[in-house]
Every structure is written in structure tokens, then in C-alpha cells.
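Peer 1:
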Ligand code: ADP
Ligand code: MG
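Take a look at the structure:
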């Protein structure tokens with residue numbers, strides 16, 4: 077985007093307690109709605125969500141079960157389509173993408189991390205990461221190099237030949253995070269990434285996410301664990317398919333769109 081209406085604020089950063097004015101959002105969500113039919117009854121899983129997320133932000137989404145958290149992630153990750161509204165990633169309106177383009181956009185823009193790791197049990201850590209690059213034309217040698225580099229980055233450089241059953245829960249989740257990063261996604265989406273690990277391992281995973289975010293990776297974490305949420309830059313609370321609150325790390329309520 078060429079215009080910069082925030083020029084006048086240069087040098088006054090911190091005045092309003094956040095750095096949002098300095099960055100272009102990497103993710104923009106506008107009036108997003110998703111209605112599922114449960115039999116004949118419409119369920120408004122998302123009921124008008126608008127949100128900007130800046131590059132490098134580590135954002136958590138909390139809220140009661142059924143409030144629409146996973147639905148929101150699946151709209152951002154192009155796993156499903158909204159009933160109405162739009163999602164822009166890097167200024168591209170992904171909600172307008174053709175069905176045939178969705179897999180490529182998903183592969184290039186999004187990395188997914190799930191509660192139960194979803195690793196392939198017969199493959200080694202290295203192969204689990206490698207396989208995520210098989211479809212993007214990377215040569216075998218480059219894939220190996222990249223997989224090793226990423227596994228080293230998540231602290232598993234000495235575990236590359238282990239299979240998931242030979243790794244702890246925390247190590248498996250770190251393999252899953254390495255796999256999610258292979259294509260340098262604009263956004264890493266994690267749905268309850270610490271939901272299946274003990275509290276010590278939880279801290280290892282949260283520290284890893286914090287480190288990635290400090291290096292510029294944008295991360296959205298769905299969690300019901302307030303100890304995790306409190307360690308993120310910003311907490312969005314969902315209720316009944318809407319954003320009930322949006323709070324920065326300093327406790328300030330964010331400007332609402
Ligand atoms: P959360 O992740 O916050 O627990 P979800 O996004 O999974 O919430 O669900 C929000 C609402 O949408 C819930 O009422 C849920 O039952 C409903 N829902 C989610 N997915 C579907 C689906 N595929 N079909 C019908 N209803 C769904
Ligand atoms: Mg959910």
C-alpha cells in the first residue's frame with residue numbers, strides 16, 4: 077500500500093501503548109460470517125468478525141467451547157469458506173480465490189499446527205518435514221537441507237531420524253511446527269498446540285512460538301489455557317461467534333474495527 081496516513085506519528089511510538097500504527101497488517105478480516113446448518117437450525121459460528129493482525133504479532137484467541145475459534149482458523153487457513161465477509165492475507169483477498177487455487181494459497185501462505193501433532197507415524201522427523209515440501213517443486217537435496225535447518229531451529233537437530241513414537245509429545249509438536257514453517261508461511265495457525273502436553277512441555281512450545289514471533293513470524297494460537305494466552309502479545313476473546321474483547325499485552329483494549 078502506498079499511502080501512509082501514520083507518518084505524523086513517527087517518533088511518538090508507544091503513546092497509545094501499541095505498535096500497530098507502524099505496520100501494515102499482514103492479515104485483514106472484514107465482517108466475516110459463517111453459518112452452519114445443523115439440521116434445519118442455522119448456527120452462526122461466526123457472526124461478523126473484523127480484525128487486523130500485524131506481521132510478527134503473536135496473537136491468542138480464547139473463548140468458551142463453541143464460540144467460533146476453530147471456525148475462524150479454518151476460514152483464515154482456507155479449509156472452509158465463509159458465508160459472508162472477507163479475509164485478506166498480504167493484501168490478497170483469499171476468500172475470493174477460486175476453489176482450484178485454494179490448495180496453493182494454503183500451502184504458500186499458511187502453516188498449520190494441531191493439538192495432536194498429526195505427524196505420519198511411519199516416517200522419521202526429517203521425512204515428516206520433507207513431505208510438506210514435496211508438492212512445491214523443491215529438489216530432494218534442497219528439501220533435506222531445509223528440513224534439517226528447520227529441525228535444528230526447533231531444537232531437534234539430533235532427533236532427525238526418530239519416528240514420532242520415539243519422540244516425546246513436546247518433541248513431536250516441535251516437528252509439527254518445523255513442518256508448518258517449510259514454505260515460510262505468512263501466518264502460522266495453531267489450534268490448541270499445547271492441549272496435549274504437560275505444563276513443562278507447554279513452556280517449551282510457548283517459548284518456541286515467542287522466539288519465532290520475535291523473528292517476524294506472525295502466529296495465531298487458539299488456546300483455552302490462560303497461562304499460554306497471557307504470554308502472547310494480544311488476546312482476543314470470542315463469544316457467540318463475535319469478538320468480545322481484544323486486549324494488548326499491556327492490558328489496553330485495542331481499537332475495534
Ligand atoms: P470453538 O473452536 O470455539 O469450540 P467452533 O468454531 O468449533 O468453536 O464451533 C462454533 C459453532 O459452530 C459451534 O456451535 C459448533 O457446533 C458449530 N460448528 C462448527 N463446525 C460445524 C460444522 N462443520 N457443521 C455444523 N456446525 C458446526
Ligand atoms: Mg475449537
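In our numbering, the protein residues as written are 77 to 333. The C-beta atom is built at its ideal place from N, Cα and C for all residues, glycine as well.
1) Report yes if the C-beta of residue 145 is less than 6 angstroms from at least one heavy atom of the ligand MG; otherwise report no.
2) State yes or no: is the C-beta of residue 124 nearer than 6 angstroms to some heavy atom of the ligand ADP?
3) Throw me the rounded Cβ distance for the residue 226 and residue 235 pair, which I believe falls under 8 angstroms.
4) Apart from the five residues just before and just after residue 92, which ones in its own chain have a Cβ nearer than 6 angstroms to its Cβ?
5) Could you tell me which uninterrupted alpha helix (DSSP H) segments, each at least 4 residues in length, are contained entirely in the region 209-251, listed from first to last along the chain?
6) Apart from the five residues on each side of it in sequence, which residues of its chain come closer than 6 angstroms, Cβ to Cβ, to residue 282?
7) Spatial neighbours of residue 112 within its chain, please: C-beta separation below 7 angstroms, excluding the five flanking residues on both sides.
8) To the nearest angstrom, report how far apart residue 296 and residue 263 are at their CA atoms.
9) So what does residue 312 bridge to, in DSSP terms?
10) Any heavy atom of the ligand ADP inside 6 angstroms of the beta-carbon of residue 289?
11) Rounded to whole angstroms, what's the CA-CA distance from residue 190 to residue 301? Just pull it up for me.
12) Take the Cβ of residue 110 as the centre, count every other Cβ of all protein chains shown within 10 Å, and call the residue buried at 16 or more, exposed below.
13) Assuming residue 212 and residue 183 make a contact with CB atoms under 8 angstroms, what is their CB distance in whole Å?
14) What do you reckon, are the CB atoms on residue 169 and residue 294 nearer than 7 angstroms?
15) Quick one: does the C-beta of residue 163 sit closer than 6 angstroms to a heavy atom of the ligand ADP?
16) Within 10 angstroms of its Cβ, does residue 114 collect 16 or more other Cβ (buried), or is it exposed?
17) Is it the case that the Cβ atoms of residue 273 and residue 195 are separated by a distance below 7 angstroms?
18) With distance defined between alpha-carbon atoms, name the residue in 146, 106 and 176 nearest to residue 269.
19) Just checking residue 304 against the ligand ADP - is the residue's beta carbon closer than 6 angstroms to any of the ligand's heavy atoms?
20) Going by other Cβ atoms of all chains shown within 10 Å of its Cβ, with 16 needed for buried, is residue 150 buried or exposed?
21) CB residue 315 to CB residue 176, shorter than 7 angstroms?
22) Should residue 201 be listed as close to the ligand ADP, given that the test is whether its C-beta is under 6 angstroms from any heavy atom?
23) Put residue 158 into one of helix, strand or coil per three-state DSSP.
24) Three or more C-beta pairs closer than 8 angstroms, one from the region 152-170 and one from the region 324-333: is that the case here?
25) Given that a residue counts as buried once 16 or more other Cβ atoms are within 10 Å of its Cβ, and exposed if not, what is residue 204?
26) Under 7 angstroms, do residue 101 and residue 186 count as touching if we go by C-beta distance?
Peer 2: Quick look at the numbers:
1) yes
2) no
3) The pair is not a contact, with the Cβ atoms about 12 angstroms apart (cut-off 8 angstroms).
4) Any reading at residue 92 is ruled out, since the residue's pLDDT is 44, under 50, leaving its predicted position unreliable.
5) 216-229
6) 304 and 307
7) 119 and 121
8) 7 angstroms
9) 137 and 322
10) no
11) 15 angstroms
12) buried
13) 7 angstroms
14) no
15) no
16) exposed
17) no
18) 146
19) no
20) buried
21) no
22) no
23) coil
24) no
25) buried
26) no
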